[in-house]
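Worksheet: the structure to be examined is printed underneath.
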Amino acid sequence: MKQILTLIATVTLSLAAHSQLEMNNTKTVAVVKGSYIYNFAKNCQWDESFYETEVFKMAVYGDRDLYNELIDKYDNRPINNQVVEVVWVTDLDMLFDEQIVFLSAVKKNDLILASDIAEENGSLLITDFNGAISLGSIINFVIVENTISFDLNLTQAVTNGINLGNRMNNWANKIVEQ
7 MKQILTLIAT
17 VTLSLAAHSQ
27 LEMNNTKTVA
37 VVKGSYIYNF
47 AKNCQWDESF
57 YETEVFKMAV
67 YGDRDLYNEL
77 IDKYDNRPIN
87 NQVVEVVWVT
97 DLDMLFDEQI
107 VFLSAVKKND
117 LILASDIAEE
127 NGSLLITDFN
137 GAISLGSIIN
147 FVIVENTISF
157 DLNLTQAVTN
167 GINLGNRMNN
177 WANKIVEQ
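Position 30 of the sequence shown, counted from 1, bears residue number 36 in my numbering, the numbering being contiguous throughout.
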């Protein structure tokens, strides 16, 4: 009986540890993506009209962990003469003046519409799923050798009126011009 209880306790602790590792991994991914997004914000150049406001808006659609990370670490932080404001988006109709829009893989069916809105508004559209670059995303997070990196779509950036700059080109895993 004692051996059975020991076995049950061991299995329970192992499952709890495994769940914690997965949770930590999800948190780690959000931390890395959040850091990248903040640095994208600091290194891109937008249309002059974006600099006329005191707020630099970032919208997150579909990734609550990333949203929480951006709120915790970057909300109200300065970028140039603006202050970051992070918003959670539940519908694409809520988008109108955000400099950055992140669309997660769980919302990938909305990519075409999100790309059209981002193009119209001059927003930097960031995604994290296969095929997004060819469908209008400007930056797409990818995993390369167990490391988060990103691909760039320079043509879409120019179409949206965003200058990504040499620094971001140097950081990129792959640059696409289509």
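Note that CB positions come from ideal geometry on N, CA and C, so glycine has one too.
With 16 other CB atoms within 10 Å as the buried threshold, where does residue 140 fall?
Position 134 of the sequence shown, counted from the first residue, corresponds to residue 140. The residue is exposed, with fewer than 16 neighbouring Cβ atoms inside 10 Å.
Any idea what DSSP makes of residue 118, helix, strand or coil?
Against the sequence shown, residue 118 aligns to sequence position 112. The answer is helix: DSSP assigns residue 118 an H, G or I state.
Of the listed residues 116, 181 and 34, nearest to residue 67 (C-alpha basis)
Working through the sequence shown from its first residue, we reach residue 67 at position 61. Selected option, being the one with the closest Cα: 116.
Spell out a yes or no on whether the region 125-139 and the region 81-99 are touching, meaning 3 or more CB-CB pairs, one atom from each, closer than 8 Å.
no
Does the beta-carbon distance from residue 50 to residue 131 come in below 9 Å?
If you number the sequence shown from 1, residue 50 lands on position 44. If you number the sequence shown from 1, residue 131 lands on position 125. Taking 9 Å as the Cβ cut-off, residue 50 and residue 131 do not qualify as a contacting pair.
Could you pull the DSSP bridge partners for residue 133 from this structure?
If you number the sequence shown from 1, residue 133 lands on position 127. DSSP, once it has assigned bridges, lists 109 and 146 as partnering residue 133.
How close, in whole Å, do the beta carbons of residue 89 and residue 58 come, if the pair is a contact with beta carbons under 8 Å?
Counting from one through the sequence shown, the residue named residue 89 turns up at place 83. Counting from one through the sequence shown, the residue named residue 58 turns up at place 52. Contact flag wrong, Cβ pair sits at about 14 Å.
Could you tell me if residue 107 is buried or exposed, where buried requires 16 or more neighbouring beta carbons within 10 angstroms of its beta carbon?
In the sequence shown, residue 107 corresponds to position 101, counting from 1. With 16 or more other Cβ atoms within 10 Å, it is buried.
In the DSSP output, which residue or residues are listed as bridge partners for residue 180?
Looking up residue 180 in the sequence shown gives position 174. DSSP, once it has assigned bridges, lists 157 as partnering residue 180.
Unbroken alpha helix (DSSP H) runs of length 4 or more, entirely within the region 29-94: which are they?
70-80
So residue 144 and residue 162 are in contact, right, with Cβ under 8 Å, and what is the actual spacing, rounded?
In the sequence shown, residue 144 corresponds to position 138, counting from 1. In the sequence shown, residue 162 corresponds to position 156, counting from 1. Sure, about 5 Å apart at Cβ, within 8 Å.
In this structure, does DSSP put residue 172 in helix, strand or coil?
One-based indexing of the sequence shown puts residue 172 at position 166. Residue 172: helix per DSSP, three-state reduction.
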